[in-house]
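Asks:
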Amino acid sequence: MEITVLGTASIGGVPEWDCTCPNCAVARLDPRLRRTRSSITATVNGDQHVLFDAGHDLKKQLEANGIVPRVETAGETFRESRLDSVFLTHGHADHTVGVAEFCTGKSFEIPLYGPPDLIDFLFGSEDRPNYFGELGRLARNYVIPIKLEPEKTITRLCELEITSFEVSHTKVLENGRKYPSSTYAYEIKHGDRRIVYAPDLGKLDPWLLDRLEGADVFLMDATFWWDDELDRISGIPITSYHLGHVPQEEAIEILKGRDIGRVIFTHFNHTNPSIVENGEQWKKVEKAGMETAFNGMKIKV
Ligand SMILES: [Zn+2]
Ligand SMILES: [Zn+2]
Ligand SMILES: [Zn+2]
């Protein structure tokens, strides 16, 4: 299978619209250094793709990576979807607002899977309408929301087996409910090949480390390098752990030497110093034998 990394940033992208920090300033000057919100696609034959998360930049990302309708096959309506299905990890905006993109023209009825509380949060019902419930006025049934329980495996494109599992990231309320939804990571298997996608991850628990053993690729949350990064750089006294992200410098130590084919970091906040090419933290990632994802990166397994 082939993975295309559509985007590699956290909620604000790089540059952030209102920021002049060194990472944002340099990205504003050099398009190569810009990062759109994290999202990937998986494909077997390059024709149809399974999308994981849909953020603010979805349309731009699909166009940039050639996942677009083709005149030859679109037919009389001029419309074609190259997306077979969508899997969402959780309810934060950088993973969901792109769903609005699917409301145009034709009812493709794209299956859209996510944690049950996320499907409720996004789509509601006719009795209790939520934001995406009535977006597709021209294209009714533009997506088909499907509640996916944890540890369920869905086969798409005949050969890809996609398994959901819950990870810590979103806020846990006093009544135990996750806000705005619970968070999944996804395991994507093709034959004996296995990729784990966890763009938002609050803890590298022992059970998760066991699960990662033998994976070909682990694409993982690298929102912040330091736990106190927001305080250091933006003067906001909130820690990485508090926001539900394992700091990257700790993740490297925990994952070093484990039986994982490739560890690739993604979902970078604009403040993360490891996105500075050849900078101190960039080199630390390289030295650990790990990788920094970039927009448009292809991963073949
Ligand atoms: Zn996120
Ligand atoms: Zn910035
Ligand atoms: Zn999140």
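Mapping of the sequence shown onto my numbering: residues 1166 to 1466, in sequence order. A virtual CB, placed ideally from N, CA and C, is assigned to each residue, including glycine. Everything numeric in this text was worked out from a predicted model, so none of it was measured.
(1) Mind checking which residues open and close the beta strand (DSSP E) that includes residue 1317?
(2) For residue 1311 versus residue 1278, is the C-beta distance shorter than 7 Å?
(3) Note down, in chain order, each residue of its chain lying with its Cβ closer than 6 Å to the Cβ of residue 1450, except the 5 sequence neighbours on either side.
(4) Quick one: residues in its chain with C-beta nearer than 8 Å to the C-beta of residue 1275, no 5 flanking neighbours on either side, listed in chain order?
(5) Sort 1237, 1446, 1180 by Cα distance to residue 1189 and report the nearest one.
(6) Okay, do the region 1282–1297 and the region 1318–1331 touch, 3+ Cβ pairs below 8 Å being the bar?
(7) Are there three or more Cβ pairs, one per stretch, closer than 8 Å when the region 1198–1212 is compared with the region 1170–1179?
(8) Under the criterion of a Cβ to heavy atom distance below 6 Å, does residue 1432 qualify as lining ligand 2?
(9) If we count the other Cβ atoms within 10 Å of its Cβ and call it buried at 16 or more, is residue 1243 buried or exposed?
(10) Among 1381, 1375, 1395, 1397, which one has its Cα closest to the Cα of residue 1419?
(11) Answer with buried or exposed for residue 1414, where buried requires no fewer than 16 other C-beta atoms within 10 angstroms of its C-beta.
(12) Would you mind stating whether residue 1406 and residue 1392 have Cβ atoms separated by less than 7 Å?
(13) Give the DSSP-derived three-state secondary structure of residue 1326 in the structure shown.
(14) Taking the CB atoms as reference points, tell me whether residue 1364 and residue 1436 lie closer together than 7 Å.
(15) Kindly examine ligand 4 and report whether one of its heavy atoms sits closer than 6 Å to the Cβ of residue 1257.
(16) Under 6 Å: does the beta carbon of residue 1175 sit that close to some heavy atom of ligand 1?
(17) I need the DSSP call for residue 1429, collapsed to helix, strand or coil.
(18) Would DSSP call residue 1360 helix, strand or coil?
(19) Count the other C-beta atoms from every protein chain shown that fall within 10 angstroms of the C-beta of residue 1171, then say buried if there are 16 or more, exposed otherwise.
(20) With 16 other CB atoms within 10 Å as the buried threshold, where does residue 1359 fall?
(21) For residue 1350, name the three-state secondary structure that DSSP assigns.
(22) Can you determine whether any heavy atom of ligand 3 sits closer than 6 Å to the C-beta of residue 1357, and answer yes or no?
Replies: On the basis of the data shown:
(1) Your numbering for residue 1317 matches position 152 in the sequence shown. Here residue 1317 belongs to no beta strand (DSSP E), and DSSP marks it neither H nor E.
(2) Taking the first residue of the sequence shown as position 1, residue 1311 is located at position 146. Taking the first residue of the sequence shown as position 1, residue 1278 is located at position 113. The answer is yes: Cβ separation under 7 Å.
(3) Stepping through the sequence shown from its first residue, residue 1450 is reached at position 285. Counting only residues of its own chain and dropping the five nearest sequence neighbours on each side, residue 1450 has a CB closer than 6 Å to the CB of 1439, 1457.
(4) The residue given as residue 1275 occupies position 110 in the sequence shown. 1246, 1248, 1249, 1250, 1251, 1267, 1307, 1308, 1309, listed in sequence order.
(5) One-based indexing of the sequence shown puts residue 1189 at position 24. The shortest C-alpha separation from residue 1189 is found at 1180.
(6) no
(7) yes
(8) Along the sequence shown, one-based indexing puts residue 1432 at 267. Not under cutoff, so the answer is no.
(9) Taking the first residue of the sequence shown as position 1, residue 1243 is located at position 78. Looking at its Cβ environment, which holds fewer than 16 other Cβ atoms inside 10 Å, residue 1243 is exposed.
(10) Counting from one through the sequence shown, the residue named residue 1419 turns up at place 254. If we check each option's Cα against that of residue 1419, 1375 comes out closest.
(11) The residue labelled residue 1414 in the question sits at position 249 within the sequence shown. By the neighbour-count rule (16 or more Cβ atoms within 10 Å), residue 1414 is buried.
(12) Translated into the one-based positions of the sequence shown, residue 1406 becomes position 241. Translated into the one-based positions of the sequence shown, residue 1392 becomes position 227. Closer than 7 Å, so yes.
(13) Start at 1 with the first residue of the sequence shown, and residue 1326 comes out as number 161. Reduced to three states, the DSSP call for residue 1326 is strand.
(14) On the sequence shown, residue 1364 is found 199 positions in, with the first residue counted as 1. On the sequence shown, residue 1436 is found 271 positions in, with the first residue counted as 1. In this structure, residue 1436 does not lie closer than 7 Å to residue 1364 by Cβ.
(15) The ligand content of the structure shown is limited to ligand 1, ligand 2 and ligand 3, which means ligand 4 is not among them.
(16) Along the sequence shown, one-based indexing puts residue 1175 at 10. Within the cutoff, so yes.
(17) One-based indexing of the sequence shown puts residue 1429 at position 264. Note: residue 1429 maps to strand in three-state DSSP.
(18) The sequence position of residue 1360 within the sequence shown is 195, counting from 1. Here residue 1360 sits in strand by DSSP.
(19) Within the sequence shown, the letter at position 6 stands for residue 1171. Under this definition residue 1171 is a buried residue.
(20) Stepping through the sequence shown from its first residue, residue 1359 is reached at position 194. Answer is buried; the Cβ neighbour count reaches 16.
(21) Taking the first residue of the sequence shown as position 1, residue 1350 is located at position 185. Residue 1350: strand per DSSP, three-state reduction.
(22) The residue given as residue 1357 occupies position 192 in the sequence shown. For ligand 3, not one heavy atom lies less than 6 Å from the Cβ of residue 1357.
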